Amino acid sequence: MTSKYWSPVVSKLTPYVAGEQPLNPGVVKLNTNENPYPPSPRVLESIAQSTGDELRLYPDPNSQKLKRALAHHFELANDQIFVGNSSDEVLAHVFQALLKHDLPTLFPDVTYSFYPVYCGLYGIQYKTIPLTASFEIDLDDYAIPNGGIIFANPNAPTGVQLDTDLIEHFLKRHSESVVVIDEAYVDFGAESAARLIDRYPNVLVVQTFSKSRSLAGMRIGFALGNKDLIEGLERVKNSFNSYPLSRLANAAAVAAIEDREYFEAVTRNIVRSREELSAALRALGFQIIPSMANFVFASHSGHDAGFLYCKLKEQGVLVRHFSLPRIEQFLRITVGTPEQCESLLLALKAICLDECCSATLQGEK
Ligand SMILES: Cc1ncc(COP(=O)(O)O)c(C=O)c1O
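So for the sequence shown, my numbering puts the first residue at 19; every next one is plus one.
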């Protein structure tokens, strides 16, 4: 559809479609990689303390307390930190501030499907680089003229991690390109490239509070990098929205960063559940790509992924299925609590058994 009142670019957009947020609380929700555990009690307390008279006032436009907390956590300077209303928003600014050049921006053919959407919005040319047959990023394939490079690490929706030493090797040889690493899922056992920031002025790391810190509902993201890259992002942010983080979001984020113990306990639990879930799915005949994220990417040679997705949904279990080249036979399943994982496995067992029985019956006819 279109409207004569839209600007020309709007008619041509293909917007991102977010995973479903069902209104029914009874659904086993394993479709948008949220954390199944609540935020830290210190976060909830800090939010509660911020819901008073001060809400009359605008928040700190520069989120100084949060930048200080992040700088301390990552052993960086305050001017190496950028914060925004979700990492989606930070990424949007990254595309506009750092990846819009005359040459195409490069990203993998299978990755976060928001990247081509930002390119459409900002009129950025891009070229996708195929992952290897085992769904890995081979950085040698990115050694071509480009207007910047972006990939998720661990990648989404595969969960595959690229070694930080390989990233460093690439940064050393390609100082002319900005390399943006989207680390939305880095806290579930992968290594962050944040340690490279002081040595490589062309690397930018983007992270979120949505996954490992259980704050998807608060919308908080951030970027870490050389101060010139950060200044570029600040220029776009201050030409768009001076106050991206509310008072509540600032308070929640500071408390979340400071409560390391809770963060470590929650991420440890999810890593343990991921390994248990992967083993249980393999026992049901699924192929699982080894994941370093809070989800697993699973396929079954005997069952169509689209069919499994629909059947699971009928049984009140939501997972994510992408009808996209190379991955249409996979399901992306968020690691839930042990109880949620058990519900998923029971539903899958019933669906697979049912399908096998009807296939046998048809064969007997
Ligand atoms: C790879 C990747 N990057 C970024 C995001 C955005 O996270 P948020 O906007 O919640 O910070 C997501 C969300 O699922 C993601 O999968």
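We put the beta carbon where it would ideally sit given N, CA and C, even for glycine.
Keep in mind the model is a prediction, meaning the values are calculated, not measured.
List the endpoints of the continuous beta strand (DSSP E) containing residue i.
i	result
Gly250	Per DSSP, Gly250 belongs to no beta strand (DSSP E); it is in the alpha helix (DSSP H), 245-255.
His318	313-318
Ile162	Neither: Ile162 is in no beta strand (DSSP E) and is coded neither H nor E.
Phe100	99-102
Thr352	349-352
Name the DSSP bridge partner or partners of residue i?
i	result
Tyr144	Thr123
Val224	Asp200, Ala241
Ala170	Asp200
Thr20	Per DSSP, none; premise fails for Thr20.
Arg338	Arg350
So the alpha helix (DSSP H) residue i belongs to, where does it begin and stop?
i	result
Gln82	82-92
Arg265	265-276
Leu109	105-116
Ile65	59-67
Ser29	26-29
Given a threshold of 16 other Cβ atoms within 10 Å of its Cβ, counted over all protein chains shown, does residue i qualify as buried or as exposed?
i	result
Arg278	exposed
Thr226	buried
Ile155	buried
Val303	The sequence given here has Gly at residue 303, not Val. Exposed, by the Cβ-count rule.
Gln143	exposed
Arg286	exposed
Ser152	exposed
Ala297	exposed
Cys328	exposed
Thr20	exposed
Arg231	buried
His111	buried
Quick check on residue i: does DSSP put it in helix, strand or coil?
i	result
Asp200	strand
Leu326	helix
Gln305	strand
Lys331	helix
Val47	One point to set straight first is that residue 47 is Lys, not Val, in the sequence displayed. Looking at Lys47 - three-state DSSP - the assignment turns out to be strand.
His321	strand
Arg217	coil
Arg231	coil
Glu194	coil
Ala212	helix
Met128	Per the sequence shown, residue 128 should be read as Val rather than Met. DSSP places Val128 in coil when its eight states are reduced to three.
Tyr136	helix
Ala368	helix
Compare the C-beta of residue i against all C-beta atoms of chain D and say whether one is closer than 8 angstroms.
i	result
Leu363	Among the chains in the structure shown there is no chain D, since it carries only a single protein chain.
Can you pull every residue whose C-beta falls closer than 5 angstroms to some heavy atom of ligand 1, listed in chain order?
My final list is Ser104, Ser105, Asp106, Tyr130, Ala170, Ala174, Asp200, Ala202, Thr226, Ser228, Gly239.
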